[in-house]
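**Q** Take a look at this one; I'll ask things after.
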Amino acid sequence: MGRVLDWIGARARWVMALGCVAALLLPGLASFLRPALPFLVCVVLAMAMARIDLAQVARDALSRRRLFEWLFLVALMMPATGAIAWLIGQFLHPNDAFALILFAAAPPIASSAGICFLMGYDARRAVEVTIFATILTPVIGPLMLDVFLDAPVALSSLDLALRLAGMIAGGITLALGIRATLGGERIGRLGRRFDGVAACVMVTFVFPLFDGVGPLVVEEPLRAVRVLVLSFVINLGLCIAIVMTGSRRIGRPAAGALGVMWGNRTVALYLAALPFDPTLALFVALYQFPMYLTPLILHALKLGHTDNMVDLRPQGGNVP
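Letter 268 of the sequence shown, counting from 1, is numbered 259 in our numbering, and no numbers are missing.
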């Protein structure tokens, strides 16, 4: 089993990308796993955060300068981006405008630091800002939806906040348990095997995201293409733009970390917290494609920080 997990871990990004295709083609399994989505969100958060010394991050938060920097970046990444998304949304289809606001209201994906490590970016900054944004999401997210959406979502702000807080707290608690059981040193030593376990969890997690999406794609293919293009633009387009424009001013490692965090968001939090909505389901499902392709495309475009990059070929280094 260990060798199998090592093999999967070395090819984790490819395995997860193929998992998106499999989820689209196996609607029965997607429907079966849909009730487990909130739990799977907790597990996915835990698998990424178990690699992180959360106690050290908490100690770093005692520094006023560091705390102010985190607050500033989260404010830019979520409320400020939400305001821009609202303005752009005035010229888009209402469903696309809704997707933009959900994107802005979501924190960076928990594995942002792993992508940054692969690309030679500032992984520590990604860890700190991602955790801080994730913890603040139950407060910031519902407020943003109240302010920027024309029509309210199906839950009250308080109920949504409690559901988001429950999933995030569950993920952090499980991460602390995994780290306490295995130890940070052992997790680091068995990095590729841990990647394999994480990849299997992520593939399982992807299936319920595609529940009900297949028929939507078949019935409205042009809409699906439009949503897929939007997903690539706000994910990879935003990421690449920040990396390219920011590298000269703040350096490739810092710009790369910001680009990865800005473009890759945990939008599935809202799919798990809110009642089923076909518009949200289609966006969250198709958004997985650019998210899983991010390190491969950044690598292909030679946008990594070459002094610190990890080889992305299957026989190469760890993939989160």
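Here a beta-carbon is modelled for each residue, glycine too, at the ideal position from N, C-alpha and C. These figures come from a predicted structure and were not determined experimentally.
For residue 294 versus residue 231, is the C-beta spacing smaller than 8 Å?
**A** Position 303 of the sequence shown, counted from the first residue, corresponds to residue 294. Position 240 of the sequence shown, counted from the first residue, corresponds to residue 231. Contact flag set, yes.
**Q** Confirm, please, whether the CB-CB distance from residue 159 to residue 128 is below 8 Å.
**A** Here residue 128 corresponds to residue number 137 of the sequence shown, with the count starting at 1. Here residue 159 corresponds to residue number 168 of the sequence shown, with the count starting at 1. Against a cut-off of 8 Å, the Cβ pair of residue 159 and residue 128 comes out as a contact.
**Q** Spell out a yes or no on whether the region 229 to 246 and the region 38 to 55 are touching, meaning 3 or more CB-CB pairs, one atom from each, closer than 8 Å.
**A** Not touching, per the Cβ criterion.
**Q** Which residue wins for smallest C-alpha separation from residue 131, given the options 152, 224, 290 and 140?
**A** As a working note, residue 131 is residue 140 in the sequence shown. The alpha carbon of residue 131 has as its nearest neighbour, out of 152, 224, 290 and 140, the alpha carbon of 152.
**Q** Output yes if chain C places a C-beta closer than 8 Å to the C-beta of residue 233; else output no.
**A** Absent from the structure: chain C. Only one protein chain is present.
**Q** Is the beta carbon of residue 41 closer than 8 Å to that of residue 156?
**A** Here the question's residue 156 lines up with position 165 in the sequence shown. Here the question's residue 41 lines up with position 50 in the sequence shown. No, Cβ-Cβ distance for residue 156 and residue 41 is not below 8 Å.
**Q** Using three-state DSSP, classify residue 25 as helix, strand or coil.
**A** For the purposes of this step, residue 25 is taken as residue 34 along the sequence shown, with counting starting at 1. Three-state result, residue 25: helix.
**Q** Alpha helix (DSSP H) containing residue 57: first to last residue?
**A** As a first step, residue 57 is located in the sequence shown; it is residue number 66 there, counting from the start. First-last of the alpha helix (DSSP H) with residue 57: 55 to 66.
**Q** Can you give me the Cβ contacts of residue -2 inside the same chain, cut-off strictly under 8 Å, excluding the 5 residues immediately before and after it?
**A** The sequence position of residue -2 within the sequence shown is 7, counting from 1. Only 187 meet the Cβ criterion.
**Q** Nearest-angstrom Cα distance between residue 213 and residue 227?
**A** Locating residue 213 in the sequence shown gives position 222, where the first residue counts as 1. Locating residue 227 in the sequence shown gives position 236, where the first residue counts as 1. Each residue's Cα considered, the two are about 21 Å apart.
**Q** DSSP three-state call for residue 199: helix, strand or coil?
**A** The residue labelled residue 199 in the question sits at position 208 within the sequence shown. Residue 199 falls in the helix class under three-state DSSP.
**Q** Taking 8 Å as the threshold (C-beta atoms), are residue 120 and residue 64 in contact?
**A** Working through the sequence shown from its first residue, we reach residue 64 at position 73. Working through the sequence shown from its first residue, we reach residue 120 at position 129. Yes, the Cβ-Cβ distance between residue 64 and residue 120 is below 8 Å.
**Q** Any chance you could list the alpha helix (DSSP H) runs of at least 4 consecutive residues sitting entirely within the region 56 to 127, in chain order?
**A** The region 56 to 127 contains these whole alpha helix (DSSP H) runs: 72 to 80, 85 to 95 and 103 to 110.
**Q** Should the region 69 to 77 be regarded as contacting the region 12 to 22, the criterion being three or more beta carbon pairs within less than 8 Å?
**A** no
**Q** In or out: residue 37 buried (at least 16 other Cβ within 10 Å) or exposed?
**A** For this step, residue 37 is matched to residue 46 along the sequence shown. Per the 10 Å Cβ criterion, buried.
**Q** What did DSSP end up calling residue 183 once you bin it into helix, strand or coil?
**A** One-based indexing of the sequence shown puts residue 183 at position 192. In the structure shown, residue 183 sits in a helix (DSSP, three-state: H, G or I).
**Q** Please identify the residue among 144, 217 and 199 whose C-alpha is closest to the C-alpha of residue 29.
**A** Position 38 of the sequence shown, counting from 1, holds the residue named residue 29. Minimum Cα distance to residue 29 is reached at 199.
**Q** Let me confirm a value: residue 251 is counted as buried when at least 16 other C-beta atoms fall within 10 Å, else exposed. Which label applies?
**A** Along the sequence shown, one-based indexing puts residue 251 at 260. Buried, by the Cβ-count rule.
**Q** Return the bridge partner residues of residue 256 from the DSSP annotation.
**A** As a working mapping, residue 256 is identified with position 265 in the sequence shown. Note: residue 256 sits in a beta bridge opposite 99.
**Q** Kindly indicate which residue of 39, 277 and 97 has the alpha-carbon position closest to the one of residue 264.
**A** Translated into positions along the sequence shown, residue 264 becomes position 273. From the listed residues 39, 277 and 97, the smallest Cα separation to residue 264 is found for 97.
**Q** So what does DSSP say about residue 210, is it helix, strand or coil?
**A** The residue labelled residue 210 in the question sits at position 219 within the sequence shown. Here residue 210 sits in helix by DSSP.
**Q** Within this structure, are the beta carbons of residue 357 and residue 222 separated by less than 8 Å?
**A** Given that the chain is displayed from residue -8 to residue 311, the structure contains no residue 357 and the question cannot be resolved.
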